[in-house]
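Worksheet for the structure shown next.
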Amino acid sequence: MPKGSRRQAPVVAITGASGGVGRAVARAFARRGARLGLIARGMDGLRATRAEAVGLGAEALALPADVADADAVAAAADRLAARFGGVDVWINNAMTTVFAPLSAMTAAEFRRATEVTYLGCVHGTLAALHHMRPRGRGAIVQVGSALAYRGIPLQAAYCGAKFAIRGFTDSLRCELLHEGSGIRVSMVQLPAVNTPQFLWCRTHLPRKPRPVPPVCRPEAAARAVLYAADHAPRELWVGRATLKTIAGALAAPAFMDRYLAERAYDGQMTDGAPEPGRPDNLFAPADGDFGAHGPFDGAAEPSAAIMTAGRARQAALAGGLGLAAAAVGLGVVGGRGLARRSRR
Numbered sequence: 410m411p412k413g414s415r416r417q418a419p420v421v422a423i424t425g426a427s428g429g430v431g432r433a434v435a436r437a438f439a440r441r442g443a444r445l446g447l448i449a450r451g452m453d454g455l456r457a458t459r460a461e462a463v464g465l466g467a468e469a470l471a472l473p474a475d476v477a478d479a480d481a482v483a484a485a486a487d488r489l490a491a492r493f494g495g496v497d498v499w500i501n502n503a504m505t506t507v508f509a510p511l512s513a514m515t516a517a518e519f520r521r522a523t524e525v526t527y528l529g530c531v532h533g534t535l536a537a538l539h540h541m542r543p544r545g546r547g548a549i550v551q552v553g554s555a556l557a558y559r560g561i562p563l564q565a566a567y568c569g570a571k572f573a574i575r576g577f578t579d580s581l582r583c584e585l586l587h588e589g590s591g592i593r594v595s596m597v598q599l600p601a602v603n604t605p606q607f608l609w610c611r612t613h614l615p616r617k618p619r620p621v622p623p624v625c626r627p628e629a630a631a632r633a634v635l636y637a638a639d640h641a642p643r644e645l646w647v648g649r650a651t652l653k654t655i656a657g658a659l660a661a662p663a664f665m666d667r668y669l670a671e672r673a674y675d676g677q678m679t680d681g682a683p684e685p686g687r688p689d690n691l692f693a694p695a696d697g698d699f700g701a702h703g704p705f706d707g708a709a710e711p712s713a714a715i716m717t718a719g720r721a722r723q724a725a726l727a728g729g730l731g732l733a734a735a736a737v738g739l740g741v742v743g744g745r746g747l748a749r750r751s752r753r
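The opening position of the sequence shown corresponds to residue 410 in the numbering used here, with each subsequent residue numbered one higher.
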């Protein structure tokens with residue numbers, strides 16, 4: 410935990426805690442004995458997450474809320490702080506998305522994905538700051554993506570939201586530094602992760618959506634989030650695929666445009682036809698408990714290397730003028746893994 414916070418039983422809020430990365434993060438903090446505030450819309454998954462946390466020895470509050478509703482998020486934070494005496498760590502993880510080309514999306518779908526994924530992060534950050542500022546300490550972790558640096562086709566709403574989170578977080582970090590605050594803000598940029606989102610996201614694709622290898626399991630993402638909460642790096646890049654994607658985006662953006670235009674469509678779809686009338690979680694939670702894992706564990710790695718963004722940039726700068734050529738090489742050598750990077 411960040412310096413100055415209690416070493417015993419930190420109070421941790423996690424949005425999107427009912428499934429996927431949020432579920433894995435909740436389990437990881439529960440094993441440490443943290444006191445948890447679990448925030449999500451779906452009550453089936455939320456109750457199951459709480460039961461798992463309690464079974465692992467943690468105290469946990471289930472706090473049903475839609476992160477797109479600022480008042481609901483603030484109320485959840487107030488309940489958590491009233492129960493446990495404050496908030497030490499806040500994890501902004503909640504997201505939703507639409508897999509579709511822009512031509513197939515409605516304005517309402519785009520707005521909703523943005524309200525949950527981007528504004529949900531803003532609302533969570535504001536609620537965290539309200540409780541952390543009086544004590545002058547705390548850690549806020551934004552769960553990001555390699556797609557916060559490199560937009561890809563068929564995920565414009567999600568990519569735009571993750572770019573926005575990165576800009577918002579940079580601005581906030583500057584203000585906290587100006588204030589001399591002890592509150593630390595980190596962003597964890599994830600590669601593709603095998604989560605249930607591929608079962609519950611809205612899609613207008615002709616085939617089922619999927620993450621593109623190399624894929625990691627939710628537990629690997631959770632370990633990176635815990636590291637960020639403990640050590641407060643400015644940014645944390647998870648997995649070689651994230652490093653390659655970001656390097657390519659920074660060094661050879663026009664090449665990446667052409668490469669993704671050619672390769673990034675089929676790589677985000679399986680061979681299976683979509684299920685007619687399949688429910689999704691865009692405007693309302695999907696019924697049931699989906700757990701942390703999606704259906705692609707057979708292709709998912711249990712671990713992923715992590716690197717602070719500063720160290721990654723130093724390594725890139727050490728290459729000098731060879732960076733652009735290296736990025737293009739990564740695009741070719743990394744092949745489908747780099748170009749068709751799916752989000753978490």
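For every residue, glycine included, the Cβ atom is placed at its ideal position computed from N, Cα and C. Please read these numbers as outputs of a predicted model, since none were measured by experiment.
Here the alpha carbons of Val496 and Asp639 stand approximately 15 Å from one another. Here DSSP, grouped into helix, strand and coil, assigns Cys610 to coil. With respect to Val647, Ala713 sits close: the two C-beta atoms are nearer than 7 Å. Three or more beta-carbon pairs drawn from the stretch 421-429 and the stretch 529-540 are found closer than 8 Å, and the two stretches are therefore classed as touching. Counted as a single uninterrupted DSSP element, the beta strand (DSSP E) harbouring Pro473 occupies residues Glu468 to Pro473. In the assembly as shown, His587 is an exposed residue. Its beta-carbon has fewer than 16 other beta-carbons within 10 Å. Under the three-state reduction of DSSP, Ser712 is assigned to coil, being neither helix nor strand. With the rule of 3 Cβ pairs closer than 8 Å, the stretch 471-490 counts as touching the stretch 431-450.
At least 7 Å separates the beta-carbon of Leu581 from that of Gln677.
Its chain contains Ile423, Gly425 and Asn502 as the residues whose beta carbon lies nearer than 6 Å to that of Gly431, once the 5 sequence neighbours on both sides are disregarded; these appear in chain order. CA-CA distance, Leu599 to Pro685, rounds to 31 Å. The C-beta of Leu669 has 16 or more other C-beta atoms within 10 Å across all chains shown, which makes the residue buried. Between Arg593 and Ala633, the C-beta spacing is not below 7 Å.
Around the beta carbon of Thr515, fewer than 16 other beta carbons lie within 10 angstroms, which makes this residue exposed. Contact annotation: the stretch 510-525 does not touch the stretch 451-464, with fewer than three C-beta pairs closer than 8 Å.
Taking a C-beta distance under 7 Å as the contact criterion, His540 and Ala479 do not qualify as a contact pair. DSSP places Ile561 in the coil class of the three-state scheme, outside both helix and strand. Cβ contact annotation for Pro615 (same chain, cutoff 8 Å, sequence separation greater than five): Met678, Ala682 and Pro683, in chain order. Inclusion of Thr523 and Ala469 in the CB contact set at 7 Å is not warranted, their separation being larger than that value.
Between the alpha carbons of Ser427 and Ala718 lies a gap of roughly 29 Å. By the 16-neighbour rule on beta-carbons within 10 angstroms, Phe705 is buried.
Annotation: Pro688 to Glu644 spans about 35 Å, alpha carbon to alpha carbon.
Ala708 and Pro622 do touch by the CB rule: their CB atoms are close to 5 Å apart, below 8 Å.
Runs of the beta strand (DSSP E) lying entirely within the stretch 432-501 and spanning at least 3 residues, in chain order: 444-449, 468-473 and 498-501.
Rounded to the nearest whole angstrom, the C-alpha separation of Glu628 and Asn690 is 23 Å.
Bridge partners of Pro618 according to DSSP: Met678. Annotated as distal: Val482 and Ala631, with beta-carbon spacing of 7 Å or more.
Residue pairing from DSSP places Glu644 in a beta bridge opposite Met596. Of the candidates Arg544, Thr505, Thr458 and Pro543, the residue whose Cα lies closest to the Cα of Leu528 is Thr505. For Phe519 against Trp609, the beta-carbon gap comes to about 18 Å, at or over 8 Å, which does not count as contact. The residues Gln551, Val594 and Met596, in chain order, have a CB closer than 7 Å to that of Thr578 in the same chain once the five nearest residues on each side in sequence are set aside.
Under the DSSP assignment, Gly547 falls outside any alpha helix (DSSP H), being part of the beta strand (DSSP E) whose first and last residues are Arg546 to Ser554. Nearest Cα to Ala477 within the set Arg521, Pro711, Lys653 and Arg459: Arg521. Straight through space, the alpha carbons of Ala457 and Arg440 are spaced by roughly 16 Å. DSSP, reduced to helix, strand and coil, places Phe508 within a strand of the structure shown.
Looking at Arg611, Ala693, Ile715 and Ala637, the one whose alpha-carbon comes closest to that of Ala650 is Ile715.
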